[in-house]
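The sequence shown runs 169 to 527 under our numbering.
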Amino acid sequence: MSDDKDPESQTEDPTQKRLDDALERGDVAKSQEINTWFMMAGGTLVVSTFSGSVGSGLLTPMRNLLANAWMIKTDGKALLVLMQQIEYAVLAAIGVPLLMLVLAAIAGNMLQHRLVWSSESLTPKLSKISPGAGFKRIFGKQAAANFLKGIGKLIALSVVMTMILWPERHRLEAMVRLDPAAMLGASTSMTIHLLGSVVAALAIIAIADYFFQYRTWFQRQKMSLQEIKEEFKQSEGDPHIKGKIRQLRQQRAKKRMMAAVPKASVIITNPTHYSVALSYERGMSAPICVAKGVDNLAFKIREIAREHDIPIVENVPLARALYATVEIDQEIPTEHYHAVAEVIGYVMRLKRGFSAGRG
169 MSDDKDPESQ TEDPTQKRLD DALERGDVAK SQEINTWFMM AGGTLVVSTF
219 SGSVGSGLLT PMRNLLANAW MIKTDGKALL VLMQQIEYAV LAAIGVPLLM
269 LVLAAIAGNM LQHRLVWSSE SLTPKLSKIS PGAGFKRIFG KQAAANFLKG
319 IGKLIALSVV MTMILWPERH RLEAMVRLDP AAMLGASTSM TIHLLGSVVA
369 ALAIIAIADY FFQYRTWFQR QKMSLQEIKE EFKQSEGDPH IKGKIRQLRQ
419 QRAKKRMMAA VPKASVIITN PTHYSVALSY ERGMSAPICV AKGVDNLAFK
469 IREIAREHDI PIVENVPLAR ALYATVEIDQ EIPTEHYHAV AEVIGYVMRL
519 KRGFSAGRG
């Protein structure tokens with residue numbers, strides 16, 4: 169979507185094609201705060217779950233290394249082996265926590281939208297390096313919103329950290345006199361508490377920011393009436409769009425047809441595969457077909473007819489012939505007048521007999 173369009177004319181909700189095109193361009197609703205929250209939540213989980221194992225996984229090899237420093241050979245090959253052992257120890261200690269952080273970052277993106285690969289978003293554009301575009305990015309509405317959001321985050325996190333750390337100030341002062349192992353345990357516990365509170369505060373910020381970003385993105389996708397008309401003209405030649413339109417028309421026609429079945433005078437069947445619903449009243453030049461169908465649709469027509477006490481007459485050749493030659497809302501062909509007249513006469517005699525029996 170070009171940037172030179174009048175925002176006031178973009179009053180209509182975007183079509184599905186506009187949304188699909190935006191997705192192909194890599195233009196999606198995305199909140200960086202959601203990603204930040206997932207990273208912070210993942211980091212908190214890592215600290216609370218793996219702090220002990222990571223610490224021991226790093227400290228134990230270092231202790232062994234320092235304790236046996238006098239045995240270490242300093243020739244090139246031995247030093248290379250030692251470096252590899254240290255690398256393996258570090259990877260073993262931090263590998264799983266790092267993997268969890270990567271998965272958290274991926275989850276933050278996938279929660280907002282499916283994975284998108286767009287070459288267009290990677291293509292350099294001169295408009296992005298123009299002075300006017302740069303000025304707009306620095307002083308535009310989005311920049312102002314980001315600035316206010318940053319201040320809000322700073323204030324919120326400052327309040328949370330103050331609420332957590334201020335009551336613990338005496339404990340923090342005492343921690344400096346502890347031995348390293350005790351200090352590590354105490355600081356880890358306090359860090360987890362602090363991170364948990366920060367994650368809770370960031371959750372509120374992330375949710376609010378996502379709705380803001382989505383609203384901004386949706387407004388950017390809005391279209392003018394002229395754009396919708398042009399898109400419709402372009403899509404008229406698209407076989408996929410034509411198929412969709414044809415399918416919708418068929419569904420609507422089927423719905424209207426089934427709604428007309430209760431108004432039928434008789435249902436002619438073969439008796440299982442074909443059903444043709446005819447309507448006739450005195451004064452009409454010929455009966456009219458109000459519904460017809462095969463297999464499941466034929467069964468549905470008979471089912472509705474039974475619910476509304478509409479007579480069902482089995483006549484195999486007539487049912488097939490009518491299905492093949494008459495369309496919905498059309499009069500039956502003249503060659504079937506005699507056969508249909510016999511059926512309708514039979515139905516009317518049944519109705520008169522039923523009425524006389526009740527009288």
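Backbone N, C-alpha and C fix where the C-beta goes; we use that ideal spot for every residue, glycine too.
- Fewer than three beta-carbon pairs drawn from the stretch 386–401 and the stretch 467–477 are found closer than 8 Å, and the two stretches are therefore not classed as touching.
- A Cβ-Cβ distance of about 7 Å is found for the pair Leu-269 and Gly-211, placing them in contact under the 8 Å criterion.
- Taking C-beta separations shorter than 7 Å and ignoring five residues to either side along the sequence, the partners of Ala-354 in its chain run Met-343 and Leu-346, following chain order.
- Residue burial annotation: Gly-320 is exposed, with fewer than 16 other C-beta atoms found within 10 angstroms of its C-beta.
- The shortest CA-to-CA distance from Trp-205 to any of Pro-335, Asn-277, Ile-332 and Asp-477 is the one to Asn-277.
- Proximity to Asn-203 across Leu-271, Ser-443 and Met-516 peaks at Leu-271, based on C-alpha coordinates.
- Val-258 and Met-331 have their C-alpha atoms some 35 Å from each other.
- Annotated as distal: Leu-322 and Ala-369, with beta-carbon spacing of 8 Å or more.
- Where Tyr-448 is concerned, there is no enclosing beta strand (DSSP E), because DSSP gives it neither an H nor an E.
- Around the beta carbon of Ile-436, 16 or more other beta carbons lie within 10 angstroms, which makes this residue buried.
- Distances from the CA of Pro-335 to each of Ser-443, Met-516 and His-361 were compared; the closest alpha carbon is that of His-361.
- About 15 Å separates the CB atoms of Tyr-442 and Val-429; that is not less than 8 Å, and the two are not in contact.
- Under the DSSP assignment, Val-494 falls outside any beta strand (DSSP E); it carries neither an H nor an E label.
- Residue burial is scored here from C-beta neighbours: Met-251 has fewer than 16 other C-beta atoms within 10 angstroms and is therefore classed as exposed.
- The beta carbons of Pro-485 and Val-434 sit no closer together than 8 Å.
- DSSP, reduced to helix, strand and coil, places Ala-432 outside both helices and strands of the structure shown, so it counts as coil.
- Residue burial is scored here from C-beta neighbours: Val-494 has at least 16 other C-beta atoms within 10 angstroms and is therefore classed as buried.
- For Ile-332, there is no enclosing beta strand (DSSP E); the residue is found in the alpha helix (DSSP H) stretching over 309–333.
- Residue pairing of Met-391 in beta bridges, as defined by DSSP: Glu-180.
- For Arg-488, same chain residues with a beta-carbon under 8 Å away, outside a window of 5 residues either side, are Asn-438 and Tyr-442 in chain order.
- Taking a contact to require three or more Cβ pairs closer than 8 Å, the stretch 442–456 and the stretch 412–424 do not qualify as touching.
- Under the DSSP assignment, Ile-472 falls in the alpha helix (DSSP H) whose first and last residues are 464–475.
- Our two residues, Met-452 and Leu-465, have alpha carbons roughly 27 Å apart in a direct line.
- Sequence-distant Cβ neighbours of Trp-385 in its own chain, meaning closer than 6 Å and more than five residues away, are Ala-197.
- As DSSP reads the structure, Val-196 sits in no beta bridge.
- Residue state for Val-515 is assigned as helix, using DSSP reduced to three classes.
- Non-local beta-carbon contacts of Ser-447 in its own chain, meaning distances under 7 Å to residues more than five positions away in sequence, involve Lys-431, Ala-432, Ser-433, Pro-455, Ile-456 and Val-458 in chain order.
- Here Pro-182 is buried. Its C-beta has 16 or more other C-beta atoms within 10 Å.
- Under a 10 Å Cβ-count criterion, Ile-500 is classified as buried, with 16 or more other Cβ atoms of the shown protein chains found around its own Cβ.
- Under the 10 Å beta carbon count, Ile-274 is surrounded by fewer than 16 other beta carbons and is classified as exposed.
- Here the alpha carbon of Gly-318 sits roughly 47 Å from the alpha carbon of Leu-248.
- For Glu-341, there is no enclosing beta strand (DSSP E); the enclosing alpha helix (DSSP H) covers residues 337–343.
- Nearest to Leu-279 by alpha-carbon distance, out of Gln-184, Ile-372 and Tyr-378, is Tyr-378.
- Ranked by Cα distance from His-504, the options Arg-517, Leu-490 and Ala-209 are led by Leu-490.
- The criterion of a C-beta distance shorter than 8 Å is satisfied by Ile-373 and Glu-201.
- Counting other Cβ atoms within 10 Å of its Cβ, Ser-199 reaches 16 or more and is therefore classed as buried.
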